[in-house]
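> Residue numbers (the working numbering), protein chains in the order written: chain A, 645 to 795; chain B, 645 to 795. Backbone N, C-alpha and C fix where the C-beta goes; we use that ideal spot for every residue, glycine too. Remember, predicted model here, so these are calculated numbers, not experimental data.
2 protein chains.
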Amino acid sequence: MLDLDDYLPYLLNRAGSRIARAFTRELRAHGITLPIWRVLAALQHRDRQSVSQLADSTAIDISTLSRILDQSERRGLAARARGVASDARSIELRLTPAGRALARRITPTALNYERTALAGLSPAEERQLKRLLVRVHANMAGLSGKGARGA
Amino acid sequence: MLDLDDYLPYLLNRAGSRIARAFTRELRAHGITLPIWRVLAALQHRDRQSVSQLADSTAIDISTLSRILDQSERRGLAARARGVASDARSIELRLTPAGRALARRITPTALNYERTALAGLSPAEERQLKRLLVRVHANMAGLSGKGARGA
DNA sequence: TCGAGTTATTTGCATTTGCAAATACATTAG
DNA sequence: CTAATGTATTTGCAAATGCAAATAACTCGA
Numbered sequence: 645m646l647d648l649d650d651y652l653p654y655l656l657n658r659a660g661s662r663i664a665r666a667f668t669r670e671l672r673a674h675g676i677t678l679p680i681w682r683v684l685a686a687l688q689h690r691d692r693q694s695v696s697q698l699a700d701s702t703a704i705d706i707s708t709l710s711r712i713l714d715q716s717e718r719r720g721l722a723a724r725a726r727g728v729a730s731d732a733r734s735i736e737l738r739l740t741p742a743g744r745a746l747a748r749r750i751t752p753t754a755l756n757y758e759r760t761a762l763a764g765l766s767p768a769e770e771r772q773l774k775r776l777l778v779r780v781h782a783n784m785a786g787l788s789g790k791g792a793r794g795a
Numbered sequence: 645m646l647d648l649d650d651y652l653p654y655l656l657n658r659a660g661s662r663i664a665r666a667f668t669r670e671l672r673a674h675g676i677t678l679p680i681w682r683v684l685a686a687l688q689h690r691d692r693q694s695v696s697q698l699a700d701s702t703a704i705d706i707s708t709l710s711r712i713l714d715q716s717e718r719r720g721l722a723a724r725a726r727g728v729a730s731d732a733r734s735i736e737l738r739l740t741p742a743g744r745a746l747a748r749r750i751t752p753t754a755l756n757y758e759r760t761a762l763a764g765l766s767p768a769e770e771r772q773l774k775r776l777l778v779r780v781h782a783n784m785a786g787l788s789g790k791g792a793r794g795a
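Encoded structure:
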């Protein structure tokens, strides 16, 4: 029988949910939701992404993301531009100045939460944790698509 | 500005979401959803939990969990028993034989996914990753409650 | 024993989610 | 050039989510 305390998906979900929930509350003070923050952070990190690129990098379902972009656009935080890229099917997303400013304002709080989450870990442990998470993410690449079959 | 590729909440969410999505699809073959699987796994791991204990261990919001338990009960996978514990306010949750059997049937697939996620990591790295995730989870303990204030 | 104050669970309700179908644009074959 | 097919994004819709309010049950003091 499964030993949950040693089962990666469980440990990952638990840790991730706690951080997400705590940060969601923090974001209320800034008037936005966690998904919107994710969009801001991802576009701040790399601007002019397409919707599908952004869906992939934020791990938000593309149809859900489409609606989060509606909200972001309505609030004047991000903008869609069709036909800008070579392929007019895709849409180029950009942060507005207001969106960029908001992302910058939230960043210190975000880093604060990260520090809390990592409290007590040595710099080496922190690096190791992040590296391993990147590898796990890469390992699941093929399986997260649409027609993925069982491992 | 935030370097996402080195930002723990982002890395955690990405990795966790990929595993969750892939496993959700896998669970369809067994006729259940991811939240129900989490309930089964948690109760298999430790039976006779109360609703709030289970909410805490599965990282599912308690009101959402209440409804997931409705489903689990309707499907004959879990059962609620009021007044069994010393305190009749709390409810004792138990897996039914069918629930236990289903959990056992799914376990090999679950372990398979974990192996996929951990592919290429040495046993030491795997242990380290899990240990660090436990510590991160513990670090966020205070902040995930209801009236939690910012870090 | 009654009631004020607490904690555990459920329910009401507005919002969010994700799958599947629809739409928009592109490409390639004939 | 048109049809057929393929990829990017959005929309319809039923189900899931999470906060806040309601309910159930306990505790303790007068």
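(1) Would residue 661/B be called buried (16 or more neighbouring beta carbons within 10 Å of its own) or exposed?
(2) Please state whether DSSP places residue 768/B in a helix, a strand or coil.
(3) Under 7 Å Cβ-Cβ, which residues of chain B neighbour residue 660/A?
(4) Would you give the residue range spanned by the beta strand (DSSP E) that residue 722/B belongs to?
(5) Taking the Cβ atom as the reference point for each residue, do residue 709/B and residue 721/B lie within a distance shorter than 8 Å?
(6) Say whether chain A places a C-beta atom closer than 8 Å to the C-beta of residue 650/B.
(7) CB residue 761/A to CB residue 784/B, shorter than 8 Å?
(8) Using a cut-off of 8 Å between C-beta atoms, extract the partners of residue 695/A located in chain B.
(9) Using the C-alpha atoms, what's the distance from residue 666/B back to residue 791/A?
(10) What is the DSSP secondary structure of residue 737/A, reduced to helix, strand or coil?
(11) For chain A, check one thing: does any of its Cβ atoms lie closer than 8 Å to the Cβ of residue 646/B?
(12) Here's the rule I'm using: 16 or more other beta-carbon atoms within 10 Å means buried, otherwise exposed. How should residue 679/B be labelled?
(13) Contact between the stretch 685-695 of chain A and the stretch 723-738 of chain A: three or more CB pairs below 8 Å?
(14) Tell me the DSSP bridge mates of residue 693/B?
(15) When you compare the CB of residue 763/B with every CB in chain A, is at least one pair closer than 8 Å?
(16) Between residue 674/A and chain B, is there a C-beta pair that is closer than 8 Å?
(17) What is the DSSP secondary structure of residue 677/A, reduced to helix, strand or coil?
(18) If you draw a straight line from the alpha carbon of residue 655/A to that of residue 727/A, how long is it in whole angstroms?
(19) Is there at least one Cβ from chain B nearer than 8 Å to residue 737/A's Cβ?
(20) Assuming the contact rule is C-beta atoms closer than 8 Å, residue 683/A and residue 706/A should be a hit. Round their C-beta distance to whole Å, please.
(21) Relative to the C-alpha of residue 718/B, which candidate in 704/B, 676/B, 757/B, 730/B has its C-alpha closest?
(22) Taking only beta-carbon positions, decide if residue 699/A is within less than 8 Å of chain B.
(23) Any C-beta of chain B sitting closer than 8 Å to the C-beta of residue 706/A?
(24) Our contact map puts residue 772/A next to residue 772/B with C-beta atoms below 8 Å; I'd like the distance itself, whole angstroms only.
(25) Check the Cβ of residue 680/B against every Cβ in chain A and list those closer than 9 Å, keeping chain order.
(26) Beta carbon of residue 695/A, beta carbon of residue 659/B: below 8 Å?
(27) With DSSP run on the structure shown, which of helix, strand or coil describes residue 704/A?
On the basis of the data shown:
(1) A residue is called buried when at least 16 other Cβ atoms come within 10 angstroms of its Cβ; residue 661/B meets this threshold and is buried.
(2) Here DSSP, grouped into helix, strand and coil, assigns residue 768/B to helix.
(3) By Cβ distance, chain B contributes 656, 657, 660.
(4) Segment 722-726, the beta strand (DSSP E) holding residue 722/B.
(5) With a cutoff of 8 Å on beta-carbon distance, residue 709/B and residue 721/B are scored as not near each other.
(6) For residue 650/B, the answer is yes, since a Cβ of chain A falls inside 8 Å of its Cβ.
(7) Note that the C-beta distance between residue 761/A and residue 784/B is below 8 Å.
(8) Within chain B, no residue comes near residue 695/A; the closest Cβ sits about 17 Å away, beyond 8 Å.
(9) With a pLDDT of only 46 at residue 791/A, under 50, the local geometry of the prediction cannot be trusted, and no value is derived from it.
(10) Residue state, collapsed to three classes: strand.
(11) Yes, residue 646/B lies at the interface with chain A (some Cβ there is under 8 Å from its Cβ).
(12) Burial state of residue 679/B is buried, judged by a 10 Å Cβ sphere holding 16 or more other Cβ atoms.
(13) Three or more beta-carbon pairs separated by less than 8 Å link the stretch 685-695 of chain A to the stretch 723-738 of chain A, which places the two stretches in contact.
(14) Residue pairing by DSSP places residue 693/B opposite 737/B in a beta bridge.
(15) Contacts with chain A at 8 Å (Cβ-Cβ) include residue 763/B.
(16) No - not a single Cβ of chain B is within 8 Å of the one on residue 674/A.
(17) Secondary structure of residue 677/A (DSSP, three-state): coil.
(18) Computed Cα separation, rounded: 43 Å.
(19) No, residue 737/A does not count as interfacial toward chain B.
(20) Not quite, the Cβ-Cβ distance comes to about 13 Å (not below 8 Å), so this is no contact.
(21) Nearest of 704/B, 676/B, 757/B, 730/B to residue 718/B, Cα basis: 676/B.
(22) It does not: the Cβ of residue 699/A has no partner Cβ on chain B nearer than 8 Å.
(23) Among the residues facing chain B, residue 706/A is not included, as its CB has no counterpart in that chain under 8 Å away.
(24) Yes, residue 772/A and residue 772/B are in contact; Cβ-Cβ is about 6 Å, under 8 Å.
(25) Chain A residues near residue 680/B: none, gap ~14 Å exceeds 9 Å.
(26) No. Outside cutoff.
(27) In the three-state reduction of the DSSP assignment, residue 704/A falls in the coil class, being assigned neither a helical nor a strand state.
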